[in-house]
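**Q**
Residue numbers (my numbering): 1349 to 1656.
(1) Assuming residue 1576 and residue 1445 form a contact by the criterion Cβ under 8 Å, report the distance between their Cβ atoms to the nearest whole angstrom.
(2) How far does the alpha helix (DSSP H) with residue 1449 in it reach, from first residue to last?
(3) Suppose you measure from the CA of residue 1461 to the CA of residue 1492; what does that come to, to the nearest Å?
(4) Short of 8 Å in beta carbon distance, which residues of its chain neighbour residue 1372, apart from the five on each side in sequence? Order them along the chain.
(5) Rounded to whole angstroms, what's the CA-CA distance from residue 1497 to residue 1553? Just pull it up for me.
(6) Mind the definition here: the stretch 1615 to 1624 touches the stretch 1583 to 1590 only if three or more C-beta pairs lie below 8 Å; say whether that holds.
(7) Chain D beta carbons: is any one of them nearer than 8 Å to that of residue 1614?
(8) Closest to residue 1354 by C-alpha separation, out of 1484, 1454, 1607, would be which residue?
(9) Quick one, which of 1620, 1515, 1640 has its alpha-carbon nearest residue 1394's?
(10) Just tell me which of 1602, 1434, 1579 has its CA closest to the CA of residue 1463.
(11) Would you identify the three-state DSSP class for residue 1613, choosing helix, strand or coil?
(12) Pairing CB atoms from the stretch 1405 to 1418 with CB atoms from the stretch 1471 to 1480, are three or more of them under 8 Å?
(13) Using beta-carbon positions only, say whether residue 1619 and residue 1573 come within less than 8 Å of one another.
(14) Who are the near neighbours of residue 1566 in its chain, counting only those whose CB is closer than 8 Å to its CB and skipping five residues on each side?
(15) Hey, quick one: how far does the alpha helix (DSSP H) through residue 1507 stretch, first residue to last?
(16) Hey, could you find the ends of the alpha helix (DSSP H) residue 1565 is sitting in?
(17) Could you work out which residue in 1644, 1631, 1648 is closest to residue 1439 when comparing CA atoms only?
(18) When we look at the beta-carbon of residue 1389 and count the other beta-carbons within 10 Å, is it buried (16 or more) or exposed?
(19) Are the Cβ atoms of residue 1541 and residue 1359 separated by less than 8 Å?
(20) Classify residue 1431 as buried or exposed, calling it buried when 16 or more other Cβ atoms lie within 10 Å of its own Cβ.
(21) Going by beta carbon distance, what residues of the same chain come within less than 7 Å of residue 1646, once the five residues before and after it are set aside?
(22) Taking the continuous alpha helix (DSSP H) assigned at residue 1429, which residues delimit it?
(23) Looking only at C-alpha atoms, which of 1531, 1568, 1452, 1504 sits nearest to residue 1356?
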């Protein structure tokens, strides 16, 4: 795991270095993001979905984890709005950041390093079910709250079916349901594209890093991260320990994977969504930046607790 975390930060640093040294222009940056979002990440998701073992138990684990994220979002909204007397728009922004984690760009490579490639395939599934689909639902809700749009089933459907990542997941499920297996040789170019996803995605994170807003919003950011990277994993780990009748029982590898995923910092794309909604995007940027560095410390701690 430590090697995986080290690799994550090296790729992020390279992206930030390229940004500071102005090694990437807007055109090159757009090409990089276009390749990542339209080819490399869809290939990783398709490969992960097709080769993962999907069980009812795994789906229940996903549902339990997402429920913990929702509870964390509701808790921070209630505390920030009713107890701390923050503006409603700020409380909504905080709840949005707590409910959606960086499960793909950060979570999947860390899971792969800690638990193996087969479990990383399941982590990709987790990202789709517990981050991508909820994002498609929560985004129109956020826009509706800010008066920038209306929440409709059509808006959610359009957002999903225009997303190459969601389409890659659907394609993976369709082909997985066929009565025959696709030869591994045909997956060679897909796997080659998928291998590029992690370094390119982490490099892109580094390119987008900005420390200017951290000085302004660090207190609120730590408040958000206390819930997103603290309360939510505690809720999930507590539920596992209750079901396992306390410490000393082995928590299965799928549950460990989910614990890593829901302990990740907020989703990077939430910044653009919060900006479009006219809410506090500086808080989003600051929270994401601090959270990325914080996860290098907290992730090994959560794994250690899960193995007690």
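Backbone N, C-alpha and C define an ideal beta-carbon position, used for all residues, glycine too.
**A** If we stick to the structure as given:
(1) Right, the Cβ-Cβ distance comes to about 6 Å (below 8 Å), so this counts as a contact.
(2) Residue 1449: not part of any alpha helix (DSSP H); DSSP gives it neither H nor E.
(3) Cα to Cα, residue 1461 sits roughly 39 Å from residue 1492.
(4) Once the five neighbours on either side are set aside, the close Cβ partners of residue 1372 are 1366, 1380, 1555.
(5) Distance between the alpha carbons of residue 1497 and residue 1553 is about 28 Å.
(6) No: the two stretches stay apart, fewer than three of their Cβ pairs being nearer than 8 Å.
(7) Any reference to chain D falls outside this structure, which holds one protein chain only.
(8) Of 1484, 1454, 1607, the residue nearest in Cα terms is 1454.
(9) Out of 1620, 1515, 1640, the CA that lies nearest to the CA of residue 1394 is found in 1515.
(10) Comparing Cα-Cα distances from residue 1463 to each of 1602, 1434, 1579, the minimum goes to 1602.
(11) Here residue 1613 sits in coil by DSSP.
(12) Yes: at least three Cβ pairs fall under 8 Å.
(13) Their beta carbons are not under 8 Å apart, which means residue 1619 does not touch residue 1573 by this criterion.
(14) These residues qualify, in order along the chain: 1634, 1638.
(15) Start and end: 1501 to 1509.
(16) For residue 1565, the uninterrupted alpha helix (DSSP H) segment begins and ends at 1562 to 1574.
(17) Measuring from the Cα of residue 1439, the nearest candidate turns out to be 1631.
(18) With 16 or more Cβ atoms within 10 Å of its Cβ, residue 1389 is classed as buried.
(19) The answer is no: Cβ separation not under 8 Å.
(20) So residue 1431 counts as exposed.
(21) Cβ within range, chain order: 1577, 1611.
(22) The continuous stretches of alpha helix (DSSP H) do not include residue 1429, and DSSP gives it neither H nor E.
(23) From the listed residues 1531, 1568, 1452, 1504, the smallest Cα separation to residue 1356 is found for 1452.
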